[in-house]
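First comes the structure, then the notes that go with it.
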Amino acid sequence: MRALASAARTPPASTDTQETRPSPEFLLPGVDDPPLTEVGVILLGFDPGRLLAGLGLSTLDGAGDPGLVALAVDRARHGAGPVDHETLLAAGGRRWRAVRDALPDDPVADASPRAGWERTLRALEPFAAGPTELAFLAACRMRRRAVDDHLAAG
Amino acid sequence: MTLFVPDPGLLSSPRGRRFPGPDPRPRTGPPPASADVVVVGGGPAGLSVASALWHRDVRDVVLIDPSDRPCGRFLDRVDGLDQRVLRSPYQHHPGVEGFRDCELLDFARLHWSRLTPVERREVRMAQAGHRSVVPVDVFEAFCRHVADVHHVAERTWRTTALSVTPGPGSVVVATAAGSIEARSVVLALGERTRPSEWDAVPGVHRWDGPRPADGSVAVVGAGLTAAHLLAAALDAGREAHWVMREDAERYQCSDVNAAFFRAEGRARFGSDVSWADRRALMRQHRRATVMFEFRPVLTAAERSGRLRVHRGRAVTGIAAGPAVELADGSRVGADSVVLALGTVPSTGADLLPAEVVGARDGWPDLDEQTLSYRRAPSVFAVGAATGMALGPAARNIDGHRVGTALVAGAIAARLRTPVGAGVG
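Here it is as structure tokens:
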């Protein structure tokens, strides 16, 4: 008997018996990845407007925690934050337009968003003033087409 | 085959961590003299309906609640049991669907660095679609976030509602701090402890009140509250008795069959289903159950003799001492007795005239389409009181979301109708 709660990232060692039938176990992402990776996977699911607003907030307040900035953007979207959502969007758009053509290409297609995220973070580190801007820049970079389309649509 | 093994470790989240973010607090002083909508009750259901109204551009809302923070009474009850996790899954949470708001699961993941390894594992289990639990700390922080983003706290007055009086074109809500005239009122009153004839017996305590922290204890009741009380007593090294009418305890993931969280389950409580059939379904599906995670703890305690379980014993009385008298003539003596007999929905009878509530078998007479009181269409109910319209999941947090969407839609439509144009 094996607890699902303790499902490992690595499948159990193969045995002759296991090789003849598919394993019923499945893998869950690890729980010990860096918090920035967990936040990054969520950012990759955000719509472009939220990514730009987060980038805008990170340029206004370079310090901080990307997860908390994402929640601050949620507040701004509802008119509840100290900064107006449109102001954040404009600041993010300016920053993205200013930096996007300087960012390195990412020719490697990776089936793992976590691996792709971590690689992008490393590549973009020189372009960001802190971890929050780095996180939102990386998310915009990985979703560049959607972000550019959003900006082009005005 | 991958089997789920209940892990008592899931029950032991830390409590009292301060997650960063706003700390919205209610206002004090007299509430406004008028509002489009008054919501009575600031628990998960009241918070959800206020949030849903905000998204429907209904902004002139006043929420009345005696607590000092969002979902305060709910959290106080949870903390009173030293309960560290909620068995509502991550997918069920206060708030509104359809507006791309941050949901509870993502909220937890955005605070990844603040979660323990066990809590992170719970998140992974929820992501995989498996049974999970939600740490109370995470839930409380999320409630604060929901109250903040939907501007609920700034529209909340900390006071107690005294009465709700429907009139021809408006409803008057009398509170301890002043009266409010509203076009619509939503009652989000939650549940109250089931009254008992033994409450006044010396040595007998209710689960939600003060109770001794030492000495032997007899807990009466078969549900999750009883399990929490027993686990805490055993953890403190106390001798414990568990008295239940049922033949056996029921260990389950959820207190409600999952079908009732879906439309097909709710349809079993549709207006075309007879009252008798709905009552029978409710009796069948609203039963005392205990989270799976308690099974190893309670089973081991019973085996070791630290816990004595008295199954299939109806309580006929409680004598001073105290001693629980059972139907077979036996008695269970202990230094204290704690009654964990469950809760009953608050129908609104404490606030509304009885003829408006139209209570039947303990349930208010509601229009199933709008959840308004049939005899006062300007007054609505959300949460536990809507059980006979929405099914047994109405008392659960997911049921609140379904109910509040209905009510917010109905109220927004009413507010678009000029006063005097058929609004009762």
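Residue numbers (the working numbering), protein chains in the order written: chain R, 13 to 166; chain E, 48 to 471. C-beta: ideal position from N, C-alpha, C; glycine also.
Residue i (DSSP reduced to helix, strand or coil)
i: V320/E; result: coil
i: V43/R; result: coil
i: L373/E; result: strand
i: E144/E; result: coil
i: V51/R; result: helix
i: G380/E; result: strand
i: M48/E; result: Residue confidence for M48/E is low, a pLDDT of 36 falling below 50, so the modelled location carries little weight; the figure read from the coordinates is stated next. Here M48/E sits in coil by DSSP.
i: V454/E; result: helix
i: P249/E; result: coil
i: Q138/E; result: coil
i: H288/E; result: strand
i: G128/R; result: helix
i: S231/E; result: strand
i: Q299/E; result: strand
i: D123/E; result: helix
i: R74/E; result: strand
i: R463/E; result: coil
i: P343/E; result: helix
i: A175/E; result: coil
i: F307/E; result: helix
Proximity below 8 Å, CB of residue i to CB of residue j
i: D83/E; j: A229/E; result: yes
i: L63/R; j: V95/R; result: no
i: L67/R; j: G104/R; result: yes
i: L373/E; j: A361/E; result: yes
i: R297/E; j: V337/E; result: yes
i: F58/R; j: A147/R; result: no
i: A327/E; j: R292/E; result: no
i: G456/E; j: R313/E; result: no
i: D445/E; j: F339/E; result: no
i: V108/E; j: A97/E; result: yes
i: H192/E; j: G68/E; result: yes
7 Å CB neighbourhood of residue i in its chain, flanking five on each side removed
i: A200/E; result: P71, R72, P73, P117, A194
i: A84/R; result: L69, G93
i: G380/E; result: G368, A370
i: L101/R; result: G61, L64, A65, G68
i: A280/E; result: V264, A287
i: A17/R; result: Note on A17/R: pLDDT 38, under 50, position unreliable in the model; no value is reported.
i: V159/R; result: P60, L63, L64, W108, C152
i: S243/E; result: L386, L388
Limits of the alpha helix (DSSP H) - the one that residue i falls within
i: L163/R; result: 156-164
i: D255/E; result: Looking at the DSSP string, D255/E is not in any alpha helix (DSSP H), and its letter there is neither H nor E.
i: D184/E; result: 183-196
i: E402/E; result: 401-404
i: T272/E; result: 271-282
Own chain partners of residue i with C-beta closer than 6 Å, once the 5 adjacent residues on each side are dropped
i: G56/E; result: V165
i: D148/E; result: G142
i: G395/E; result: L234, V404, P411
i: V51/R; result: P78, G79
i: R325/E; result: F316, M435
i: A459/E; result: R103, V105
i: R258/E; result: H252, V385
Residue i CB to nearest heavy atom of the ligand FAD below 7 Å
i: A387/E; result: In terms of ligand content, the structure shown is empty, and the ligand FAD therefore cannot be addressed.
Residue interval of the beta strand (DSSP E) (run including residue i)
i: R355/E; result: 354-357
i: E244/E; result: From DSSP, E244/E is part of no beta strand (DSSP E); its letter is neither H nor E.
i: R205/E; result: 203-205
i: G105/E; result: Note on identity: in this sequence residue 105/E is Val, with Gly being the wrong assignment. It is not in any beta strand (DSSP E) - V105/E carries neither H nor E in the DSSP assignment.
Expected contact under 8 Å - CB spacing of residue i and residue j to nearest Å
i: R480/E; j: P182/E; result: Chain E is shown only over 48 to 471; residue 480/E falls outside these bounds and no answer can be derived.
i: F139/R; j: L115/R; result: 6 Å
i: V86/E; j: V233/E; result: 5 Å
i: R62/E; j: D184/E; result: 6 Å
i: A295/E; j: V344/E; result: With 8 Å as the limit, A295/E and V344/E do not qualify as a contact, their Cβ atoms being about 17 Å apart.
i: R239/E; j: S377/E; result: That belief does not hold up - the Cβ atoms of R239/E and S377/E are roughly 31 Å apart, past 8 Å.
Under 7 Å from the C-beta of residue i: neighbouring residues of chain A
i: L157/E; result: Checking the listed chains, one finds no chain A in this structure; the protein chains it contains are R and E.
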